[in-house]
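These notes concern the structure reproduced below.
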Amino acid sequence: MKILYFAWIRERVGKAEEEIELPASVQTVGDLVQWLGGRGEQYAHAFENRQVVRAAIDRIHVRPEAKITGAREIALFPPMTGG
Amino acid sequence: MIVPMSIRITEDEIDVTAETAALTRGRTDIGAVVAFTGICRDDEDGERIAALVLDHYPGMAETEIARHVEEAEARWPLLGVRIVHRVGRIKPGEVIVLAVTASAHRRAAFEAAEFLMDYLKTRAPFWKKVERAAGTSWIEARGEDDAAAARWRDRPKRDAAE
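Protein sequences, first through last, are from chains A and B. Per the numbering used here: the first sequence = residues 1 to 83. Per the numbering used here: the second sequence = residues 1001 to 1162.
See the structure below:
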């Protein structure tokens, strides 16, 4: 699965994107964020406050309970501050 | 009717006059144009800033803006929409975003421009980072921006026609 990171989540993780083999137990966006948080210090820092993490599956906003089955790319980012 | 819609994300400076003129050129059906311009200020929370650095999600940013332009077109009788959003390093005084809406009459153009900006702030994947003498920091999302976007949800479509 291709995972993209933006803004301070990208800076904390230390990369803009990566290809990850996910365990079968990771079924939703919420599961993914929790699982990523356990991958080491940088990830733990990036995902320490799960409530603020926003997500998009294949470039469409989704909620934490969204299923990730069949997704091509999942993006994780903080609340948006454009305009 | 197909409404001319233009959405652009650019690292170059935005020419407000040229963008606005492009929307009305050769048209005699447009009676009202509203151009909202968002400009980089030189202070953030009372502190002087050197620049803003705008990050975005290429591909999704354009798609997400387009979805809201389509919704604006369903709600108001628009004759044209043009959105230009800058990314990269932006200095105080330079334009960050331009939202131009055209209609036969003013109310639709005013309301659609406000609607588009409210959604752009909270749903379009852009992130602002501040550069100061002391270092850099990411701007935090503001609750009042969410509230501004939420108020449109309860409004019936086409309530502001003509």
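By construction, the Cβ of each residue, glycine as well, lies at the ideal position given by its N, Cα and C atoms.
Inset, instruction - Assign A:Pro78 to buried or exposed, taking buried as 16 or more other Cβ atoms, counted over all protein chains shown, within 10 Å of its Cβ. - result: One-based indexing of the first sequence puts residue 78 of chain A at position 78. By the neighbour-count criterion, in which 16 or more other beta carbons inside 10 Å mark a residue as buried, A:Pro78 falls on the buried side.
Inset, instruction - Examine the Cβ distances between the stretch 1075-1083 of chain B and the stretch 1102-1122 of chain B and report whether three or more of them are shorter than 8 Å. - result: yes
Legend entry - Outcome for A:Gly83 when other beta-carbon atoms lying within 10 angstroms are tallied against a minimum of 16: Position 83 of the first sequence holds residue 83 of chain A. Per the 10 Å Cβ criterion, buried.
Inset, instruction - Leaving aside the five residues before and after B:Arg1048 along the sequence, list all residues of the same chain whose C-beta is less than 8 Å from its C-beta, in chain order. - result: Looking up residue 1048 of chain B in the second sequence gives position 48. Correct list, in chain order: Asp1042, Arg1132 and Ala1133.
Inset, instruction - Output, in chain order, the set of chain B residues within a Cβ distance shorter than 8 Å of A:His61. - result: What you label residue 61 of chain A is simply residue 61 of the first sequence in a count that begins at 1. Neighbours of A:His61 on chain B, chain order: Glu1064 and Arg1123.
Inset, instruction - Buried or exposed for A:Lys15, please, with buried defined as at least 16 other CB atoms from any protein chain shown within 10 angstroms of its CB. - result: Mapped onto the first sequence, residue 15 of chain A falls at position 15. Counting Cβ neighbours within 10 Å, A:Lys15 comes out exposed, since fewer than 16 surround it.
Inset, instruction - Pair every Cβ in the stretch 1114-1134 of chain B with every Cβ in the stretch 1051-1067 of chain B, then say whether three or more of these pairs are closer than 8 Å. - result: yes
Legend entry - Span of the beta strand (DSSP E) around B:Phe1126: As a working note, residue 1126 of chain B is residue 126 in the second sequence. Start and end: Phe1126 to Arg1132.
Inset, instruction - Could you name the residues of the same chain whose beta carbon sits closer than 8 Å to that of B:Glu1162, not counting the 5 residues immediately before and after it, in chain order? - result: For the purposes of this step, residue 1162 of chain B is taken as residue 162 along the second sequence, with counting starting at 1. At B:Glu1162 the pLDDT is 43, less than 50, meaning the model places this residue with poor confidence; the figure from the coordinates comes in the next sentence. Pro1077, Ala1104, His1105, Arg1107 and Ala1108, listed in sequence order.
Legend entry - Residues of its chain near B:Ala1160, where Cβ-Cβ distance is below 7 Å and the 5 sequence neighbours each way are ignored: Looking up residue 1160 of chain B in the second sequence gives position 160. With a pLDDT of 46 at B:Ala1160, under the threshold of 50, the predicted position of this residue should be treated as unreliable, though the coordinate-derived value follows. So the qualifying residues of the chain are Trp1076, Arg1107, Ala1108 and Glu1111.
Legend entry - DSSP three-state assignment for B:Leu1054, whether helix, strand or coil: What you label residue 1054 of chain B is simply residue 54 of the second sequence in a count that begins at 1. DSSP places B:Leu1054 in strand when its eight states are reduced to three.
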